[in-house]
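Step one of this worksheet: look at the structure below.
Chains as they are written, first to last, in my numbering: chain A, 1 to 193; chain B, 1001 to 1193; chain C, 2001 to 2193.
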């Protein structure tokens, strides 16, 4: 189950041919035909990727995560162990609906261990969803959200450390204590300076 | 691992012969001897069904769910991915107790992704447990419960849409905006009209 | 995959030789080289134990649990199904850090189904983490913690039953109604008498 492009553990099931170079698929994964996974990804033990799910480049998905049709992970997303996605907000057994509810996790975002992302929402660039949080709304770029249901608890840097904003003229600004990157906050939106 | 009656993925372990016609058992499942699964069920990847668990007909169990002895799922139940059941409310390692604490999920109920059902409780007919909720009490028929611990947040229709009740004489009534079904609410109990 | 010392299910992957006598490793587990597991443990279906994780004697780990480098489970710990550990409190994809954040679960503690233990913390001896709780702080010996984030909700006996303390001189004392063991509480610390 290995070829020149990517590695698949012998105990993984890989039916798609759309996996990028350098990606690794670990034991007890089931990657279905039609699933799309980019380059240099790490898909850890026991993950399931369904036809219609799309994973970008340099994405990490830790153990036991299922990615359904309708779930899109952009580049450099980190998905912790046991994170749960959904694609139907009104599920009943044996009731089929047309299409599915979409989930978009934007570039560089972190989804903490065991968080639940209710379908129909977007998690912004470099946002940080705390372990065990239950996301039921859209999360802005760099947003730190915690709890059940998840609520805003601040903002984080590209490097994941919390940002402390202070007023500067007509906006608020922060400089990361860990890495020195600078950010501005206006109307609830954080941008890198 | 297929016979005329049901389908089992080659990577599933199926030791029971009590699986009904038309049911499908997917990869990395382990269905133990003595487990009982009805007809036309869909038991998705990585599920575990223990001797003593009972699953009705037309039940959907999404990825990564374990059904222990003492867990009963009636017909048409939907169990989302990563839902957790239990059967011992005072667990300690290497301490055996007599019997186990039971869980009953009644006909047509939905258990959202990642919800936890603490043993010893019943989830009523067509109830809807929100994603990530932690159920520590009995949930009535058609009840919508959310949060940790799960609390009542309203009622849903058979089709899973929220119901809006208004007073009509000595009771409250609702007509589903999606499917038109009608319900009555009296003393916290919803019934179809 | 069995030898004189321990049992491994044929569908388990066991690469370590550091598993104690009498332990059982069930289907779809992946026990990596360098992982350490003591004697008389029960590691249930779909668990993952990484190099650098340490499991004591007589430990129970229910289905679908991953133990990472940095996680230590002392003797007689009970880990419920779907419990999530972590070892990096600032995860980003493709960002390596030196070392990892440690987690210590002390002797006899119970971690309820689906609880999340954020790395960098200790759960005390015979503590009881409720199902679905999200632990973000240290938990004292015999502490009962519930919710998201987990908060103190009382204390439990060695046998897992709740303790009811009453004042006796300069401290509070309790006698377990189930097993008769006696405890003292002073400055938030419970000790067996």
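Using N, Cα and C, we set each Cβ at its ideal position, and we do this for glycine too.
If you check the beta carbons only, do residue i and residue j fall under 9 angstroms apart?
i                       : j                       : result
residue 1028 of chain B : residue 1059 of chain B : no
residue 73 of chain A   : residue 1080 of chain B : no
residue 97 of chain A   : residue 121 of chain A  : no
residue 130 of chain A  : residue 2066 of chain C : no
residue 1064 of chain B : residue 1038 of chain B : no
residue 2076 of chain C : residue 2108 of chain C : yes
residue 56 of chain A   : residue 69 of chain A   : no
residue 1158 of chain B : residue 1175 of chain B : no
residue 1169 of chain B : residue 86 of chain A   : no
residue 44 of chain A   : residue 61 of chain A   : yes
residue 1152 of chain B : residue 1135 of chain B : no
Is there a Cβ from chain C that is less than 9 angstroms from the Cβ of residue i?
i                       : result
residue 152 of chain A  : no
residue 164 of chain A  : no
residue 1110 of chain B : no
residue 1093 of chain B : yes
residue 147 of chain A  : yes
residue 1080 of chain B : no
residue 1034 of chain B : no
residue 1052 of chain B : no
residue 1116 of chain B : yes
Determine, for residue i, whether the minimum Cβ-Cβ distance to residues of chain A falls below 9 angstroms.
i                       : result
residue 1175 of chain B : no
residue 1125 of chain B : no
residue 2142 of chain C : no
residue 1059 of chain B : yes
residue 1012 of chain B : no
residue 1007 of chain B : no
residue 2184 of chain C : no
residue 1113 of chain B : yes
residue 1158 of chain B : yes
residue 2128 of chain C : no
residue 1022 of chain B : no
residue 2090 of chain C : yes
residue 1170 of chain B : no
Using a Cβ-Cβ cut-off of 9 angstroms, state whether residue i counts as contacting chain B.
i                       : result
residue 190 of chain A  : no
residue 2030 of chain C : no
residue 64 of chain A   : yes
residue 86 of chain A   : yes
residue 2077 of chain C : yes
residue 2131 of chain C : yes
residue 180 of chain A  : no
Please report the distance separating the alpha-carbon of residue i from that of residue j.
i                       : j                       : result
residue 970 of chain B  : residue 2034 of chain C : The structure shown has nothing for residue 970 of chain B, since chain B only spans 1001 to 1193.
residue 1042 of chain B : residue 2117 of chain C : 32 angstroms
residue 173 of chain A  : residue 2101 of chain C : 30 angstroms
residue 127 of chain A  : residue 143 of chain A  : 5 angstroms
residue 1017 of chain B : residue 1178 of chain B : 40 angstroms
residue 1188 of chain B : residue 1115 of chain B : 23 angstroms
residue 162 of chain A  : residue 185 of chain A  : 14 angstroms
residue 25 of chain A   : residue 104 of chain A  : 22 angstroms
residue 1145 of chain B : residue 89 of chain A   : 14 angstroms
residue 2156 of chain C : residue 1119 of chain B : 18 angstroms
residue 1036 of chain B : residue 1030 of chain B : 13 angstroms
residue 54 of chain A   : residue 2095 of chain C : 22 angstroms
residue 1040 of chain B : residue 1009 of chain B : 15 angstroms
residue 1110 of chain B : residue 2032 of chain C : 37 angstroms
residue 1023 of chain B : residue 1015 of chain B : 15 angstroms
residue 2183 of chain C : residue 2106 of chain C : 18 angstroms
residue 48 of chain A   : residue 2050 of chain C : 20 angstroms
residue 2171 of chain C : residue 154 of chain A  : 41 angstroms
residue 1164 of chain B : residue 2165 of chain C : 45 angstroms
residue 190 of chain A  : residue 1019 of chain B : 54 angstroms
Since residue i and residue j should fall inside the 8 angstroms C-beta cutoff, what is the C-beta to C-beta distance between them, to a whole number of angstroms?
i                       : j                       : result
residue 2007 of chain C : residue 2021 of chain C : Actually they are not in contact, since the Cβ atoms of residue 2007 of chain C and residue 2021 of chain C sit about 10 angstroms apart, beyond 8 angstroms.
residue 192 of chain A  : residue 2013 of chain C : Their Cβ separation, rounded to whole angstroms, is 43 angstroms, which puts residue 192 of chain A and residue 2013 of chain C out of contact at 8 angstroms.
residue 124 of chain A  : residue 133 of chain A  : Not really, about 14 angstroms apart at Cβ, beyond 8 angstroms.
residue 1160 of chain B : residue 167 of chain A  : Actually they are not in contact, since the Cβ atoms of residue 1160 of chain B and residue 167 of chain A sit about 46 angstroms apart, beyond 8 angstroms.
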